[in-house]
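Residue numbers (this note's numbering), protein chains in the order written: chain A, 23 to 135; chain B, 231 to 344.
In this text, a Cβ means the ideal position worked out from N, Cα and C, and glycines have one as well.
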Amino acid sequence: EDQVTQSPEALRLQEGESSSLNCSYTVSGLRGLFWYRQDPGKGPEFLFTLYSAGEEKEKERLKATLTKKESFLHITAPKPEDSATYLCAVGDAGGTSYGKLTFGQGTILTVHP
Amino acid sequence: GAVVSQHPSRVICKSGTSVKIECRSLDFQATTMFWYRQFPKQSLMLMATSNEGSKATYEQGVEKDKFLINHASLTLSTLTVTSAHPEDSSFYICSARDKTYEQYFGPGTRLTVT
Numbered sequence: 023e024d025q026v027t028q029s030p031e032a033l034r035l036q037e038g039e040s041s042s043l044n045c046s047y048t049v050s051g052l053r054g055l056f057w058y059r060q061d062p063g064k065g066p067e068f069l070f071t072l073y074s075a076g077e078e079k080e081k082e083r084l085k086a087t088l089t090k091k092e093s094f095l096h097i098t099a100p101k102p103e104d105s106a107t108y109l110c111a112v113g114d115a116g117g118t119s120y121g122k123l124t125f126g127q128g129t130i131l132t133v134h135p
Numbered sequence: 231g232a233v234v235s236q237h238p239s240r241v242i243c244k245s246g247t248s249v250k251i252e253c254r255s256l257d258f259q260a261t262t263m264f265w266y267r268q269f270p271k272q273s274l275m276l277m278a279t280s281n282e283g284s285k286a287t288y289e290q291g292v293e294k295d296k297f298l299i300n301h302a303s304l305t306l307s308t309l310t311v312t313s314a315h316p317e318d319s320s321f322y323i324c325s326a327r328d329k330t331y332e333q334y335f336g337p338g339t340r341l342t343v344t
């Protein structure tokens, strides 16, 4: 059974204080590691997909990296508008539900001005 | 690109009635759509996977007769909550997968059953 564990559960930062969110995963055959951002009362917003160990992707203040066991979402000089819940999910290459994602519990990020 | 819409965004219904939620991919064709349920301060739980033109695949513990899913076209999937009860109150979110395997989510539907 696929498992995704995110840490920490909650993270409070001062504006400009860089940090990283962790996503550890166990999957029989990885078909993508996905990062989403979710604001309260809204659906998740797609951020990145990483497919192989060593891959990195960047978008504004966010950078996602991937190893064989975990992924990191690095936030550089965050701003209050980066406050949200960040969700990590893995896609399984096997099984009958092609494209099915397994989500972690999320990290609630709060950036104080 | 890759926009998914849901309708309605909020719905309040009385216990025992049925509610239909629509999910549309607006600028791409989605052969596969997914339906999730999210409780307050919890992550997304997959309810079912629907492929265009075929029966939905439900996750363990999800009642097929209560949550009816129809994926009638490459841009539309519907979730009908039949004989709704207060415990069905939740945030329902759909997603659509494009040909690159990435999933894009709708804005969600808040269902309240009184």
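Would you check if the distance between the CB atom of B:P270 and the CB atom of B:T339 is smaller than 8 Å?
In the second sequence, counting from the first residue as 1, residue 270 of chain B sits at position 40. In the second sequence, counting from the first residue as 1, residue 339 of chain B sits at position 109. Their beta carbons are not under 8 Å apart, which means B:P270 does not touch B:T339 by this criterion.
So, with DSSP's three-state summary, where would you put B:K250?
The sequence position of residue 250 of chain B within the second sequence is 20, counting from 1. B:K250 falls in the strand class under three-state DSSP.
Hey, how far is the Cα of A:S119 from the Cα of B:L276?
Counting from one through the first sequence, the residue named residue 119 of chain A turns up at place 97. Counting from one through the second sequence, the residue named residue 276 of chain B turns up at place 46. Since pLDDT at A:S119 reaches only 49, below the 50 mark, its modelled position is unreliable, and no value is offered.
Would a check of beta-carbon distances place B:I299 closer than 8 Å to chain A?
On the second sequence, residue 299 of chain B is found 69 positions in, with the first residue counted as 1. So no, B:I299 is outside the interface.
Short check: CB of B:S245 to CB of B:H301, under 8 Å?
Counting from 1 along the second sequence, the entry for residue 245 of chain B is found at position 15. Counting from 1 along the second sequence, the entry for residue 301 of chain B is found at position 71. No, the Cβ-Cβ distance between B:S245 and B:H301 is not below 8 Å.
Can you check whether the C-beta of B:G338 is within less than 8 Å of a C-beta belonging to chain A?
Taking the first residue of the second sequence as 1, we reach residue 338 of chain B at position 108. B:G338 counts as touching chain A.
Using a Cβ-Cβ cut-off of 8 Å, state whether A:T71 counts as contacting chain B.
Taking the first sequence and counting its residues from 1, one reaches residue 71 of chain A at position 49. Yes, because at least one Cβ of chain B sits closer than 8 Å to the Cβ of A:T71.
Going by Cα to Cα distance, which pick from B:A260, B:Y334, B:S313 and B:K329 is closest to B:T342?
Taking the first residue of the second sequence as 1, we reach residue 342 of chain B at position 112. Nearest of B:A260, B:Y334, B:S313 and B:K329 to B:T342, Cα basis: B:S313.
Kindly list, in the order they appear in chain A, the residues whose Cβ is closer than 7 Å to that of B:T342.
Within the second sequence, residue 342 of chain B is the residue found at index 112, counting from 1. Ordered by position in chain A, no residue passes the 7 Å Cβ test against B:T342, which lies about 13 Å from the chain.
Return the CA-CA distance between A:A75 and A:S41, expressed in angstroms with no decimal places.
Within the first sequence, residue 75 of chain A is the residue found at index 53, counting from 1. Within the first sequence, residue 41 of chain A is the residue found at index 19, counting from 1. Roughly 21 Å separates the two Cα atoms.
Nearest neighbour of B:L304, chosen from B:E289, B:D328, B:S320 and B:I323 [CA to CA]:
Sequence index remark: in the second sequence, residue 304 of chain B carries index 74 (1-based). With distances taken between Cα atoms, B:L304 lies closest to B:D328.
Do B:A326 and B:S255 have their C-beta atoms within less than 8 Å of each other?
Residue 326 of chain B sits at position 96 when you count from the first residue of the second sequence. Residue 255 of chain B sits at position 25 when you count from the first residue of the second sequence. Yes, Cβ-Cβ distance for B:A326 and B:S255 is below 8 Å.
For the structure I just gave you, are there three or more beta carbon pairs, one from the stretch 66-73 of chain A and one from the stretch 31-51 of chain A, closer than 8 Å?
no
Closer than 6 Å by C-beta to A:D104: which residues in its own chain qualify, once you throw out the five before and the five after it? Chain order, please.
Position 82 of the first sequence holds residue 104 of chain A. Hits under 6 Å: V133.
Report the three-state DSSP secondary structure of A:E31 (helix, strand or coil).
The residue you call residue 31 of chain A lines up with position 9 of the first sequence. DSSP places A:E31 in coil when its eight states are reduced to three.
Please check if any C-beta of chain B sits within less than 8 Å of the C-beta of A:P135.
By one-based count along the first sequence, residue 135 of chain A stands at place 113. Judged by the 8 Å Cβ criterion, A:P135 is not in contact with chain B.
Residues sharing a beta bridge with B:V343, DSSP
Looking up residue 343 of chain B in the second sequence gives position 113. According to DSSP, which records beta bridges pairwise, B:V343 is partnered with B:C243.
Residues that A:R34 contacts on chain B, provided the C-beta gap is smaller than 8 Å:
What you label residue 34 of chain A is simply residue 12 of the first sequence in a count that begins at 1. Per Cβ cutoff of 8 Å: no residues; A:R34 is ~16 Å from chain B at best.
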